[in-house]
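S.K.:
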Amino acid sequence: MTHKKGLIAYHTQYGSTAEVAYWLKVLIGKDQRVDVKSMDQILTVEPYDYIIIGSYARWEKPSKKTYAFVEKFLKDLKDRQVAYFITSGDCDETTVMNMPGKPPHLTSGRNYLFDIQAKFPDIKPVTTGGFGGRQATPLLNTKDSLLIWLLEKTMPKDKIGWAGRDIWESLICERVEAFADELRKTVLSLPPCNDAASLRGCWTSLQPAHLTDPLIEKNTVKPYSQKQDTPRMLLSRFRIKGSLLDAVSFIHEWSIQSATELKEIQKDYYILYYQATKSQNSKNRTIHIVAALFSEDPGAVHIALRNYDKPPLRGKAASDMALAEEILCADGRGLS
Ligand SMILES: Cc1cc2nc3c(=O)[nH]c(=O)nc-3n(C[C@H](O)[C@H](O)[C@H](O)COP(=O)(O)O)c2cc1C
Numbered sequence: 015m016t017h018k019k020g021l022i023a024y025h026t027q028y029g030s031t032a033e034v035a036y037w038l039k040v041l042i043g044k045d046q047r048v049d050v051k052s053m054d055q056i057l058t059v060e061p062y063d064y065i066i067i068g069s070y071a072r073w074e075k076p077s078k079k080t081y082a083f084v085e086k087f088l089k090d091l092k093d094r095q096v097a098y099f100i101t102s103g104d105c106d107e108t109t110v111m112n113m114p115g116k117p118p119h120l121t122s123g124r125n126y127l128f129d130i131q132a133k134f135p136d137i138k139p140v141t142t143g144g145f146g147g148r149q150a151t152p153l154l155n156t157k158d159s160l161l162i163w164l165l166e167k168t169m170p171k172d173k174i175g176w177a178g179r180d181i182w183e184s185l186i187c188e189r190v191e192a193f194a195d196e197l198r199k200t201v202l203s204l205p206p207c208n209d210a211a212s213l214r215g216c217w218t219s220l221q222p223a224h225l226t227d228p229l230i231e232k233n234t235v236k237p238y239s240q241k242q243d244t245p246r247m248l249l250s251r252f253r254i255k256g257s258l259l260d261a262v263s264f265i266h267e268w269s270i271q272s273a274t275e276l277k278e279i280q281k282d283y284y285i286l287y288y289q290a291t292k293s294q295n296s297k298n299r300t301i302h303i304v305a306a307l308f309s310e311d312p313g314a315v316h317i318a319l320r321n322y323d324k325p326p327l328r329g330k331a332a333s334d335m336a337l338a339e340e341i342l343c344a345d346g347r348g349l350s
């Protein structure tokens, strides 16, 4: 047992984040000193060497209480090892949100943690996790169910293509396990947990996922390959073998071949988001390109290409996207 003391500080509304917090404690190790506390219970973080901060996502960010928690203990957190995790409905990190009122931006999973990291730049997390969440729709309070109902009515269907139960019951257990292993390695110098599969009590519980129909199998494989050609968007989503660096070099090769100008919009250790623009009939046409690593799919890079031009104006973007896919998937790199 190492002498380091850990704290998992969580904020939950409907229980998923608490469930994950206790699960993480077990994955970090029964022999480790790890306290699990709701943020409401925490008087001080002073006794701990490392603090794991977990929240649910609310409007693409951690909860307000999570920001207040970090602000309150900032002085101590700056001097300690910190990791963030988030539970959410959406967890496909290649998703770009393009809605009026905000520039297009990365959304979902770990991407919901960009804002809190930008607000508190003195905290440099050792790792981050975006796990998805558990089904809570039948239990939402009146205000939340109204908000979600409105959201479902008004949101463009930009998401990767799972909806209803799947968007809520979206937790990916391998992500929780990979996050715990990363903490074991970087904070505690321990090898990966060797019995993670036997500790999936949260994932295999009969509720809430099985509440409506115990015969429904959980989806462990998401539809990560997809094509969409709707009035709002042209999307090509696929996976290739290789590293993020490989993908980046192919994207640069494509930008030269297609004479597009690449602008880096967001970068983190697991993701790159570019906007590739090209002038056409004196208008700038943009292709949004995301390349991301998912811990449940080691050795693969997930790619999403999007164009939001109106269908009659998409011709050139469509052929440029096809060329990008061809270059990225060449030499047998494309995965089904
Ligand atoms: C009002 C409301 C807003 C939400 N906003 C988002 C969001 O912006 N993005 C997302 O992926 N999930 C969103 N969710 C889903 C929750 O983040 C998700 O269900 C989470 O796992 C709940 O955690 P908890 O059970 O610990 O409260 C929202 C849920 C509610 C009720």
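Residue numbering for the sequence shown follows this note's numbering, beginning at 15 and increasing consecutively. Even for Gly, the Cβ is constructed at its ideal location relative to N, Cα and C. Computed from a prediction, not measured in an experiment: that's the story for all the values here.
Short check: CB of residue 289 to CB of residue 118, under 9 angstroms?
M.R.: Within the sequence shown, residue 289 is the residue found at index 275, counting from 1. Within the sequence shown, residue 118 is the residue found at index 104, counting from 1. Closer than 9 angstroms, so yes.
S.K.: Is the stretch 190-203 in contact with the stretch 120-131, if contact means three or more CB pairs nearer than 8 angstroms?
M.R.: The stretch 190-203 vs the stretch 120-131: no contact.
S.K.: Would a C-beta distance cut-off of 9 angstroms place residue 54 and residue 79 closer than the cut-off?
M.R.: The sequence position of residue 54 within the sequence shown is 40, counting from 1. The sequence position of residue 79 within the sequence shown is 65, counting from 1. Contact: yes.
S.K.: Can you name the start and end residues of the alpha helix (DSSP H) that residue 211 belongs to?
M.R.: For the purposes of this step, residue 211 is taken as residue 197 along the sequence shown, with counting starting at 1. Counting along the chain, residue 211 falls outside any alpha helix (DSSP H), and DSSP gives it neither H nor E.
S.K.: What distance in whole Å lies between the Cβ atoms of residue 22 and residue 50, which are believed to be in contact at a cut-off of 8 angstroms?
M.R.: Position 36 of the sequence shown, counting from 1, holds the residue named residue 50. Position 8 of the sequence shown, counting from 1, holds the residue named residue 22. About 5 angstroms separates the two Cβ atoms, so the contact holds.
S.K.: For ligand 1, is there a heavy atom less than 8 angstroms away from the beta-carbon of residue 29?
M.R.: The count along the sequence shown starts at 1 and reaches residue 29 at position 15. Yes, since a heavy atom of ligand 1 falls inside the 8 angstroms radius drawn around the Cβ of residue 29.
S.K.: Taking the CB atoms as reference points, tell me whether residue 124 and residue 265 lie closer together than 9 angstroms.
M.R.: One-based indexing of the sequence shown puts residue 124 at position 110. One-based indexing of the sequence shown puts residue 265 at position 251. Not closer than 9 angstroms, so no.
S.K.: Tell me the rounded alpha-carbon separation between residue 105 and residue 295.
M.R.: The count along the sequence shown starts at 1 and reaches residue 105 at position 91. The count along the sequence shown starts at 1 and reaches residue 295 at position 281. Approximately 37 angstroms, taken between the alpha carbons.
S.K.: Given 8 angstroms as the limit, tell me if residue 70 has its C-beta closer than that to any heavy atom belonging to ligand 1.
M.R.: Position 56 of the sequence shown, counting from 1, holds the residue named residue 70. For ligand 1, at least one heavy atom lies less than 8 angstroms from the Cβ of residue 70.
S.K.: If you follow the beta strand (DSSP E) that residue 315 is part of, which residue opens it and which one closes it?
M.R.: In the sequence shown, the residue the question calls residue 315 occupies position 301. Per DSSP, residue 315 belongs to the beta strand (DSSP E) from 314-321.
S.K.: Identify whether residue 43 lies in helix, strand or coil by the three-state DSSP scheme.
M.R.: Position 29 of the sequence shown, counted from the first residue, corresponds to residue 43. Three-state DSSP puts residue 43 in coil, outside helix and strand.
S.K.: Could you work out which residue in 327, 209 and 96 is closest to residue 247 when comparing CA atoms only?
M.R.: Residue 247 sits at position 233 when you count from the first residue of the sequence shown. It is 327.
S.K.: Work out the CA separation of residue 44 and residue 25 for me, nearest whole Å.
M.R.: Taking the sequence shown and counting its residues from 1, the one referred to as residue 25 is at position 11. Taking the sequence shown and counting its residues from 1, the one referred to as residue 44 is at position 30. Cα-Cα distance, rounded: 22 angstroms.
S.K.: Hey, is residue 148 close to ligand 1, as in C-beta under 8 angstroms from one of its heavy atoms?
M.R.: Counted from its first residue, the sequence shown places residue 148 at position 134. Checking the Cβ of residue 148 against ligand 1 gives yes.
S.K.: Should residue 145 and residue 193 be called a contact, given that it needs their Cβ atoms to be closer than 9 angstroms?
M.R.: Within the sequence shown, the letter at position 131 stands for residue 145. Within the sequence shown, the letter at position 179 stands for residue 193. Closer than 9 angstroms, so yes.
S.K.: Is residue 291 closer than 9 angstroms to residue 275 when the C-beta atoms are compared?
M.R.: In the sequence shown, residue 275 corresponds to position 261, counting from 1. In the sequence shown, residue 291 corresponds to position 277, counting from 1. Taking 9 angstroms as the Cβ cut-off, residue 275 and residue 291 qualify as a contacting pair.
S.K.: Can you look up residue 280 in the DSSP assignment and give me helix, strand or coil?
M.R.: Position 266 of the sequence shown holds residue 280. Strand, per DSSP.
S.K.: Please report the straight-line C-alpha distance between residue 59 and residue 215, rounded to a whole angstrom.
M.R.: Residue 59 sits at position 45 when you count from the first residue of the sequence shown. Residue 215 sits at position 201 when you count from the first residue of the sequence shown. Rounded to the nearest angstrom, the two C-alpha atoms are 28 angstroms apart.
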